[in-house]
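Peer 1:
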Amino acid sequence: MNLLKCEYLKTRRRYIFITALAITAFAGIWAFYGNYSGDIKDFVIQNGYLLFLYQFPLMNAIFFPLLCIIIASRLCDIEHKGKNLKLICTLTEKSKIFDAKLIYGISIVIFCVILLWCATLIFGKIIGFAGKIPINLYLLYLLFTIIPTTAIYVFQYSLSMIFQNQAISFFVGILGEFIGLFSMFLPQFPLFRKSMLWGYYGALQFVGLFGYTKETRYDAAYMEVMDIDWTAFIVLIVAMTVIYIIGKKIFCKKEL
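Under this note's numbering, the sequence shown has 240 at position 240, and the numbering climbs by one with no breaks.
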C-alpha cells in the first residue's frame, strides 16, 4: 500500500488520471455520436443494446490500446528521467516496484473501461432503446473488454519499464494497434486475430449483424448473439500471464 500511495503522490501533478479521462471522454463522444433518426431509427431503437455490443469492440480496439500506451509510458517515464529507478531500488526490491506501478496503472485503465461501460448503459436508457438491458451480455462484454485491455497494458508497461526510450514502446504499441484494428475487418481469418493481443477485441466479439445489404439496408437486417470463443479467452489469459512473468524477470535482471 505504501508503494501504491507513493505512485499516486508522484503522479498527481502530471495529470495522468485527467489524461486517461480525456481519452475515455473522446471515445464516448466518438461512440455515441450518430444518426438516430430516419430509416435507421426503428432498427436502432429496437436493437440498440445489441447494436452497441456489435459496434463497440471496434471502438475499443482504437481507443483502449492508445490509452494503455499513454498511461504506461507516462508512468514509467517518471522513473527513467533522472535515474529515479536506481534510487528507488536501494529502498525496496525491484519486483515490488514493478508490481506496484503495474497495479496502479491497471487500476486507472480498468476504471476508464468501467466508466465508459456505465455511460453506455445510461446512454441507451436516455435514447430509449427498446426492452430491458441485457445485463448478462453486457457483463460478458465488460469482461471481454477488461481482459484484452489489461493484457495490452501489461505488454506496454513491460516495454516501458525495460526500455528507457519510450519511443520504442510507443512505436510497438501503435504498430500492434494498427494490425489489430486491421484484423477486425477480417473475421474470416480468426487465427490472424488470435495471433496478437490487439486482435482479441474482435476474437471475443459475440454479437453479429446479419441480413444487411446495400439495396435493402436495414429492412431485413437482424442482430444475433453468437457462440463465445472461450478457448481464445483462456489463451489470452495465459499469454498475459506469460508476458507479465517474462517482463518482470527481464526488468529485475536489468542493470539500472
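No residue lacks a Cβ here, since even glycine has one placed at the ideal position from N, Cα and C.
Could you check how far apart the C-beta atoms of D229 and L197 are, in whole angstroms? I think they sit under 8 angstroms.
Peer 2: Wrong, their Cβ atoms sit about 15 angstroms apart, outside the cutoff.
Peer 1: State the beta-bridge partners of L257 as determined by DSSP.
Peer 2: No information on residue 257 is available, as it lies outside the stretch 1 to 256 that the chain covers here.
Peer 1: Given this structure, state the Cα-to-Cα distance separating L121 from L140, to the nearest angstrom.
Peer 2: Rounded to whole angstroms, L121 to L140 spans 14 angstroms at the Cα level.
Peer 1: Taking 7 angstroms as the threshold (C-beta atoms), are F206 and M223 in contact?
Peer 2: Cβ distance not < 7 angstroms, so M223 and F206 don't count as in contact.
Peer 1: Could you tell me if V242 is buried or exposed, where buried requires 16 or more neighbouring beta carbons within 10 angstroms of its beta carbon?
Peer 2: That one is exposed.
Peer 1: Once DSSP output is grouped into helix, strand and coil, what is the label at T213?
Peer 2: Strand.
Peer 1: Going by DSSP, what residue range makes up the alpha helix (DSSP H) through E79?
Peer 2: That run of the alpha helix (DSSP H) goes K41 to H80.
Peer 1: Which word fits S195, buried or exposed, when buried means at least 16 other C-beta atoms lie within 10 angstroms of its C-beta?
Peer 2: So S195 ends up on the exposed side.
Peer 1: Following the continuous beta strand (DSSP E) through Y222, name the residue where it begins and the one where it ends.
Peer 2: Per DSSP, Y222 belongs to the beta strand (DSSP E) from Y222 to V225.
Peer 1: For G28, which residues of its own chain have a beta-carbon under 7 angstroms away from its beta-carbon, when the five flanking residues on both sides are left out?
Peer 2: If we look at G28 and ignore the five residues flanking it on each side, its Cβ neighbours are L116 and A119.
Peer 1: Do M184 and A61 count as a contact pair if the criterion is CB distance below 7 angstroms?
Peer 2: Their beta carbons are under 7 angstroms apart, which means A61 touches M184 by this criterion.
Peer 1: With a cut-off of 8 angstroms, do at least 3 Cβ pairs link the region 120 to 137 to the region 151 to 163?
Peer 2: The region 120 to 137 vs the region 151 to 163: no contact.
Peer 1: With which residues is V207 paired in a DSSP beta bridge?
Peer 2: Partner(s): V225.
Peer 1: Can you give the beta carbon distance from G180 to G199, rounded, assuming they're within the 8 angstroms contact cut?
Peer 2: The Cβ separation is near 5 angstroms, so the contact holds.
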